[in-house]
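Protein chains in written order, with UniProt numbering: chain P, 1 to 352; chain H, 1 to 352.
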């Protein structure tokens, strides 16, 4: 079944995709259908705004990413940025650029993923914009969230002796990407019906294809009354993000290799690919876990917290940023994190 | 002079482009440099959000659009959407996707245009995101504005007997586009140093390349105490926008051909191109003028207003939407407005 987008037109397509969307949040006064969305936030809230531009061939490869997953992930990575400010995502706008390759059914899939993410995180879609593109799929999502006034957590508040915490585990999304890229290369030119065997590697694929934002961690921190001094989400790799926090907070850090949380499947895959496991966890990217610092007085509260690991501490700036290996050696941390402008992105699809 | 973007990297480029940006608005608490921007609006304000995605080859053609103008226009069209809600633009975020064709100096030009627009309209740049693209230039801008609570003007408030008003004049931006397209075709294959002669057509080019948002009209309406019942900005053409207002307000309208404001240069160009002038003014698009309705009691206030023309009135829905020609005939209005999904955009650059 393939319905050409031209049969609906721009406005018809938006109407079709956004049909039945009902605002759930009190701060959403008017959603799709006018020159702008209208929001209303009480005076004790701060309004948080983040935006992400995703381009086919650079940020995603549709040969192995299902459109529904792509929609889900595109929304969730924006929610993650709002949680990383200690806020709650409330609204998103979605702009799409589509080439003729895409039909109405494709956009239904993509939107189904976006809507699923919005339901799961209680976020309203308040704006939609669709236009034609000559070059694949472009997705631009802006997310608006709220935070309690005075409770917003920035990257620049880490203090000497603060503890460094990370949620979940690292490197799995990167390993999932390697796995998908390998299968893509293997399957090139072979029978399209061959299904790759991902048994035992489901976690890696899920981390790459359907990441979640750590709403639960923010809630747990609130519950025990811990206010992080600095926080960000890990999208470019632990090393890169740690260096952002340290440079913006004007401090140094010590991180212990043995404490970096890594899943068993990630370790098995690194072995299979003959990659250094710690390097993968430090520089892999797309983890969407939270990296945060807390005062040392909160040690017990975070040490016992489900899904949170203490990986090191903040130091004086003169000491720099270093990794302490299992055998006690000190290495300077380097942000070799995923830099899409340096290496042309994380996929290998030249299209220009 | 050409500096490759890779020499700065993603973060370096953003730092470079946004250097020296200081927030001017009280509602901007924290701009570029964290996971999200932090805004704070008082409780008597509504927060307005609009977004626009611009793709090279679809929305702009760099063979005749200078990057600085493109940046200016990309920002201003978003401001226009906020004014069209009876609001004031306050913040924007800017996401860019760049292919290797672009260098640091190109991005300086683009950003110079965006920053110029932000200075002219007193708007803060609070977020920037840059990534590589395989396919030309992608610009995604989100604008946040504020409106007085209860004073926001939607498209759905027009009432029977309301007067229909439009600011400025129509069709000039479309004629400017035709002119640029013609010169591009003429110059194809000729000496690149040949400079086209645009003497006497400056206004058309300015309307196409450097449109302004009608902040002044909003201020004039406030000053005389006129609150429009419905309003939107004209981006897809008067016909299309009138039909949006009428269908969302569940009313009809009568518009008089003789009252549609058209500049002398637009008329001359239409003659030269052998185009129907009224059709150009009705369906041209990209005017970024304001279309609004006011109660008939405000007749005198708007009739005398500089830069505003009365072009018709709102009717019962049963009467439909019609244009009354100079010779008194009635034609049903049709939205043949610029639909980028139907005709593949307003330029002719196939790139896929």
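Even glycine gets a Cβ: it sits at the ideal position worked out from N, Cα and C.
Could you tell me which residues DSSP puts in a beta bridge with residue i?
i: residue 98 (chain P); result: P:132
i: residue 140 (chain H); result: H:53, H:95
i: residue 315 (chain H); result: H:252
i: residue 37 (chain H); result: P:49
i: residue 308 (chain P); result: P:167
i: residue 146 (chain H); result: H:47, H:88
So residue i contacts chain H; which residues on that side make the cut at Cβ distance below 7 angstroms?
i: residue 138 (chain P); result: 53, 55, 138
i: residue 155 (chain P); result: 34
Whole angstroms are fine: how far does the CA of residue j sit from the CA of residue i?
i: residue 150 (chain P); j: residue 47 (chain P); result: 12 angstroms
i: residue 104 (chain P); j: residue 137 (chain P); result: 13 angstroms
i: residue 286 (chain H); j: residue 77 (chain H); result: 9 angstroms
i: residue 107 (chain H); j: residue 17 (chain H); result: 8 angstroms
i: residue 87 (chain H); j: residue 125 (chain P); result: 21 angstroms
i: residue 295 (chain H); j: residue 283 (chain H); result: 26 angstroms
i: residue 269 (chain H); j: residue 29 (chain H); result: 48 angstroms
i: residue 252 (chain H); j: residue 15 (chain H); result: 51 angstroms
i: residue 43 (chain P); j: residue 148 (chain P); result: 10 angstroms
i: residue 156 (chain P); j: residue 321 (chain H); result: 57 angstroms
i: residue 216 (chain P); j: residue 305 (chain H); result: 56 angstroms
i: residue 223 (chain H); j: residue 301 (chain P); result: 57 angstroms
i: residue 132 (chain P); j: residue 22 (chain P); result: 27 angstroms
i: residue 112 (chain P); j: residue 250 (chain H); result: 30 angstroms
i: residue 52 (chain P); j: residue 141 (chain P); result: 5 angstroms
i: residue 183 (chain P); j: residue 67 (chain P); result: 18 angstroms
i: residue 3 (chain P); j: residue 9 (chain P); result: 11 angstroms
i: residue 325 (chain H); j: residue 261 (chain H); result: 14 angstroms
i: residue 337 (chain P); j: residue 240 (chain P); result: Confidence in residue 337 (chain P) is poor, its pLDDT being 48 and thus under 50, which makes the residue's placement unreliable; the coordinate value appears in the next sentence. Roughly 5 angstroms between the two C-alpha positions.
i: residue 244 (chain P); j: residue 102 (chain P); result: 38 angstroms
Cβ closer than 8 angstroms: which chain H residues qualify as neighbours of residue i?
i: residue 212 (chain P); result: Under the 8 angstroms cutoff, chain H gives no residues; its nearest Cβ is about 16 angstroms from residue 212 (chain P).
i: residue 46 (chain P); result: 29, 38, 39, 40
i: residue 71 (chain P); result: Correct list: empty, because the minimum Cβ distance to chain H is about 16 angstroms.
i: residue 161 (chain P); result: The premise fails here: residue 161 (chain P) is roughly 23 angstroms from chain H at the closest Cβ pair, so nothing lies under 8 angstroms.
Residue range of the alpha helix (DSSP H) that residue i falls in?
i: residue 322 (chain H); result: Per DSSP, residue 322 (chain H) belongs to no alpha helix (DSSP H); it is in the beta strand (DSSP E), 321-324.
i: residue 184 (chain H); result: 172-187
i: residue 299 (chain P); result: 299-303
i: residue 82 (chain P); result: 67-83
i: residue 116 (chain H); result: 104-121
i: residue 354 (chain H); result: The shown model of chain H, from 1 to 352, leaves out residue 354 (chain H), and the question about it has no answer.
i: residue 10 (chain H); result: 9-17
i: residue 219 (chain H); result: 215-223
Put residue i into one of helix, strand or coil per three-state DSSP.
i: residue 231 (chain H); result: strand
i: residue 266 (chain H); result: helix
i: residue 341 (chain P); result: Legend: pLDDT at residue 341 (chain P) = 39, less than 50; position of this residue unreliable, no value from coordinates given.
i: residue 346 (chain P); result: Because residue 346 (chain P) carries a pLDDT of 37, less than 50, the predicted location of this residue cannot be relied on, and the following value inherits that uncertainty. Three-state result, residue 346 (chain P): coil.
i: residue 295 (chain P); result: coil
i: residue 28 (chain P); result: strand
i: residue 60 (chain P); result: strand
i: residue 351 (chain H); result: With a pLDDT of only 30 at residue 351 (chain H), under the threshold of 50, the placement of this residue in the model should not be trusted; the figure read from the coordinates follows. Here residue 351 (chain H) sits in coil by DSSP.
i: residue 279 (chain H); result: helix
i: residue 238 (chain P); result: helix
i: residue 4 (chain H); result: strand
i: residue 212 (chain P); result: coil
i: residue 245 (chain H); result: helix
i: residue 272 (chain P); result: helix
i: residue 257 (chain P); result: helix
i: residue 327 (chain P); result: coil
i: residue 286 (chain H); result: coil
i: residue 20 (chain P); result: coil
i: residue 152 (chain P); result: coil
i: residue 126 (chain H); result: strand
For the ligand FAD, is there a heavy atom less than 6 angstroms away from the beta-carbon of residue i?
i: residue 71 (chain P); result: Annotation note on the ligand FAD: not contained in the displayed structure, which lists no ligands.
Along chain P, in chain order, which residues have C-beta atoms closer than 8 angstroms to that of residue i?
i: residue 367 (chain H); result: As displayed, chain H neither begins before 1 nor continues past 352, which places residue 367 (chain H) out of reach and without an answer.
i: residue 85 (chain H); result: 34, 35, 36, 38
Quick one: which chain P residues come within Cβ less than 7 angstroms of residue i?
i: residue 82 (chain H); result: 36
i: residue 97 (chain H); result: 53, 55
i: residue 2 (chain H); result: Per Cβ cutoff of 7 angstroms: no residues; residue 2 (chain H) is ~16 angstroms from chain P at best.
i: residue 144 (chain H); result: 49
i: residue 152 (chain H); result: 38
On the DSSP letters alone, give me the boundaries of the beta strand (DSSP E) that residue i sits inside.
i: residue 198 (chain P); result: Neither: residue 198 (chain P) is in no beta strand (DSSP E) and is coded neither H nor E.
i: residue 332 (chain P); result: 330-332
Residues of chain H with a CB under 9 angstroms from the CB of residue i: which are they?
i: residue 43 (chain P); result: 40, 41, 42, 43, 44
Open item on the list: Against chain B, which members of the segment 221-236 of chain P pass a CB distance test of less than 7 angstroms?
Closed with: In the structure shown, chain B cannot be found, because the protein chains are P and H.
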